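These notes concern the structure reproduced below.
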Amino acid sequence: MKKTKVKKQKTLKKQGCSLFLLLMLLALAPVVLATVILSTTSLRLTRTNLEGSVQTTLHVTADNLAKYCKENEITAMNASGYYEYLDSLKEEGLEMAILADGIPATTSIKNENDYRIREIPMDQDLVSAGGTEGYYDKNVVIEGNIYYGYYIPIMNNGRITAVAFAAERKNEITDALWGIEVVFLVCAVGMVILFGVICFFLSRALSGKMKETGSRVDALAEGDLSARKESDSIVREIRNLLQNTSQMQRNLAQVIGGVQEVSGELLNSVRQVAEGSNATTEQAGQISQAMEQLSSAAEEMAENVQNISDRMDEIGEAVNDISVSAGQLQKDSEEIQDNSKKAGEGMEKIMTGSNRSVESVNTITAKIHETNDYIEKIDEAVALIFSISGQTNLLSLNASIEAARAGEAGRGFAVVAEEIRKLSEQSAAGAEQIKNLAQGIMEKSGETVEQADVVKDIIREEQDHIIATREQYQQLEQSIRHSAEEIRKIAGETGRLSQQKEDILGNIGSLSAISEENAANNQQVNANIEEILTQIQTVGANCDKMKQISGELESSVAYFHTEKEPAGK
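Per numbering that gives the first Met the number 0: the sequence shown ends with 568, consecutive numbering throughout.
Here's what the structure looks like:
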């Protein structure tokens with residue numbers, strides 16, 4: 000069974016992905032995704048902001064040029080005299096021009112031969128439609144080069160006399176954006192590498208601690224409860240998991256050790272109860288034999304009484320021949336004295352047997368009380384098992400919760416937690432069965448104690464009858480002595496013989512009634528002793544059943560061991 004569980008656990012270990020890879024994936028995937036998103040968004044915002052900045056700069060430059068032309072009354076005819084102003088921002092990469100219909104453009108832009116160009120494309124309709132704000136064009140082609148350009152009309156007396164133009168080469172902006180993109184790319188790759196290295200070491204540390212936790216749980220699943228070196232982790236949850244696993248190992252070791260100890264005590268207690276039951280059975284058998292002897296003595300007494308009665312009848316018939324039969328009466332009186340002595344000895348034996356019966360019943364009662372004490376210990380052990388089962392179930396629930404938090408990686412741990420929970424439920428079920436059996440034994444023991452009390456009462460009543468009978472025997476013995484004396488005087492006292500005969504017959508009748516009553520009491524005592532024997536046999540059967548349950552409990556906890564097994568087992 001143990002090998003099957005280990006094989007099943009090894010099969011489960013091979014399933015699923017590695018925790019290290021999963022942690023690396025969970026750590027790097029968000030970093031890479033966030034880096035891509037942030038880089039893309041940042042580049043897009045940078046491009047947008049840069050283009051917006053270019054547009055704003057060109058708008059301000061063109062607007063300033065338009066205002067400058069208006070304040071200095073620069074027109075299309077005299078604009079060519081203001082190259083100095085147009086070239087003032089050339090070092091900043093900004094080009095300016097004054098455009099008008101029908102005349103060459105006046106501009107700071109030069110061709111490859113270092114001559115100022117004469118033509119700059121312009122859409123007059125867009126200029127007119129834009130009003131004083133003009134319009135912005137992202138693709139102004141001048142001498143084969145693409146510019147960002149801004150056109151603002153130059154107003155004079157409410158009409159457009161010329162157009163102020165500001166431009167910046169697009170490839171310069173593109174180069175700047177490309178440089179920014181390279182910087183972003185290098186930073187992103189550096190961040191990914193940095194986080195990758197950090198994630199690598201963290202994942203390896205976390206997976207190492209989780210492997211250590213898994214090995215501890217595997218050891219618990221294989222029944223290894225031996226003490227292990229304490230371990231720590233910087234992660235609070237893993238540290239708690241390691242501590243809880245160690246605590247669970249210690250608790251299980253304590254629980255299993257307690258169960259094994261209680262199981263051994265239970266087995267010893269059951270053996271003691273069984274031995275006491277056997278001894279009680281022997282004592283009850285001795286009581287039964289004594290009662291049989293008492294019954295035989297009672298029957299013998301009845302026969303003697305009948306003989307006495309017959310003899311007294313003969314005395315009545317032979318009253319006229321009393322003188323002749325005096326010698327015979329003397330012998331009969333001596334025989335009666337002997338029988339009376341034997342009857343007295345028999346009563347003493349009955350009394351002794353009765354006392355032994357009381358002692359045996361007291362012994363039975365004491366043994367039953369000892370049995371109850373052991374059963375109470377069993378109840379305490381069962382309560383301990385119940386408490387341990389609850390703690391184990393709670394630990395299993397905590398382990399299941401932690402396994403659920405761990406997700407896919409905690410599936411194997413969840414299976415182990417489920418096995419522990421099932422073992423806890425089986426332990427609780429076994430404890431419940433032991434508790435029910437103990438309660439049944441307690442009930443039977445209570446009934447046995449009640450029956451023992453009844454037997455003691457009966458024996459006490461029988462002793463009272465025996466004492467009364469003994470007293471009557473003593474009276475009878477005195478009467479017999481008196482009869483012997485009277486027989487010696489019978490020759491001179493034949494007139495009083497009839498009265499003495501009647502007295503003797505009355506005493507014989509009382510003795511017969513007492514003998515019959517003793518016989519009835521003996522039968523009742525025998526019946527009670529048989530009932531006690533039946534109860535003792537029931538206790539013996541329950542002891543056998545408890546032995547079997549104790550053996551099953553020992554077999555259940557034998558799976559666990561508190562010391563490491565040698566290699567190869």
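Note that the Cβ used here is the ideal one computed from N, Cα and C, for glycine as well. In this text, all values refer to a predicted model and were calculated from it rather than measured experimentally.
Minimum Cβ-Cβ distance from residue i to chain D less than 7 Å
i: K434; result: Protein chains in the displayed structure number just one, and chain D is not present.
Exposure label - residue i; buried when at least 16 CB within 10 Å
i: F200; result: exposed
i: G143; result: exposed
i: A416; result: buried
i: T40; result: exposed
i: A365; result: exposed
i: R43; result: exposed
i: E302; result: exposed
i: S386; result: exposed
i: S87; result: exposed
i: I32; result: The sequence shown places Leu at residue 32, not Ile. Its Cβ having fewer than 16 others within 10 Å, L32 is exposed.
i: N517; result: buried
i: I36; result: exposed
i: T47; result: exposed
i: D122; result: exposed
i: I465; result: buried
i: A403; result: exposed
i: N541; result: buried
i: D136; result: buried
i: A519; result: exposed
i: E94; result: buried
i: Y114; result: exposed
i: S426; result: buried
i: S509; result: exposed
i: L552; result: buried
i: E401; result: buried
i: D331; result: buried
i: V162; result: buried
i: G411; result: buried
i: A512; result: exposed
CA nearest to the CA of residue i, picked from the options
i: T279; options: S245, I367 and E260; result: I367
i: N156; options: L251, V182 and K69; result: K69
i: Q336; options: V360, R355, S359 and I307; result: I307
i: L24; options: G130, V360 and V196; result: V196
i: E369; options: L265, V414, E401 and K434; result: L265
i: K89; options: E344, N517 and A166; result: A166
i: D543; options: Y84, G80, S268 and G148; result: S268
i: I153; options: G550, V191, N63 and E274; result: N63
i: E476; options: G505, A342, T160 and R310; result: A342
i: E111; options: Y134, I97, T105 and I141; result: I141
i: K191; options: I363, Q473 and S38; result: Per the sequence shown, residue 191 should be read as Val rather than Lys. Among I363, Q473 and S38, the Cα nearest to that of V191 is on S38.
i: V126; options: I151, Y147, A28 and N277; result: I151
i: G505; options: D312, E446, S399 and E316; result: D312
i: T362; options: N277, R310, I440 and E333; result: N277
i: S423; options: G389, A398 and A405; result: G389
Backbone secondary structure at residue i - three-state DSSP
i: I97; result: strand
i: K109; result: strand
i: R117; result: coil
i: I548; result: helix
i: A566; result: Unreliable positioning characterises A566 in this predicted model, as indicated by a pLDDT of 45, which lies under 50. A coordinate reading is not provided.
i: A104; result: coil
i: S87; result: coil
i: Y569; result: The displayed coordinates of the chain run from 0 to 568. Any statement about residue 569 would go beyond what the structure contains.
i: G92; result: coil
i: K488; result: coil
i: N71; result: coil
i: D122; result: coil
i: K2; result: In this prediction, K2 scores a pLDDT of 49, lower than 50, which makes its location untrustworthy; no coordinate-derived value is stated.
Residues that DSSP places opposite residue i in a beta bridge
i: M154; result: I159
i: I141; result: N144
i: T244; result: Bridge partners of T244: none, in fact.
i: Y149; result: Y135 and A165
- Item | Segment contact flag, the segment 442 to 451 with the segment 523 to 535, C-beta cutoff 8 Å, min 3 pairs | Touching, yes.
- Query: Between the segment 461 to 475 and the segment 348 to 355, do at least 3 Cβ pairs fall closer than 8 Å?
  - Reply: yes
- Message: Using 8 Å as the cut-off, can you tell me whether the segment 167 to 180 makes contact with the segment 51 to 58, which would need three or more C-beta pairs spanning the two stretches below that distance?
- Response: Yes, the segment 167 to 180 is in contact with the segment 51 to 58.
- Task: Spell out a yes or no on whether the segment 181 to 190 and the segment 122 to 142 are touching, meaning 3 or more CB-CB pairs, one atom from each, closer than 8 Å.
- Result: no
- Message: Quick check: the segment 281 to 289 against the segment 352 to 363, are at least 3 beta-carbon pairs closer than 8 Å?
- Response: By the Cβ criterion, the segment 352 to 363 is in contact with the segment 281 to 289, since at least three pairs of Cβ atoms, one from each stretch, lie closer than 8 Å.
- Message: For the structure I just gave you, are there three or more beta carbon pairs, one from the segment 534 to 554 and one from the segment 453 to 464, closer than 8 Å?
- Response: Between the segment 534 to 554 and the segment 453 to 464, the count of C-beta pairs closer than 8 Å stays below three; the two stretches do not touch.
- Any 3 or more C-beta pairs closer than 8 Å across the segment 412 to 432 and the segment 373 to 389: yes
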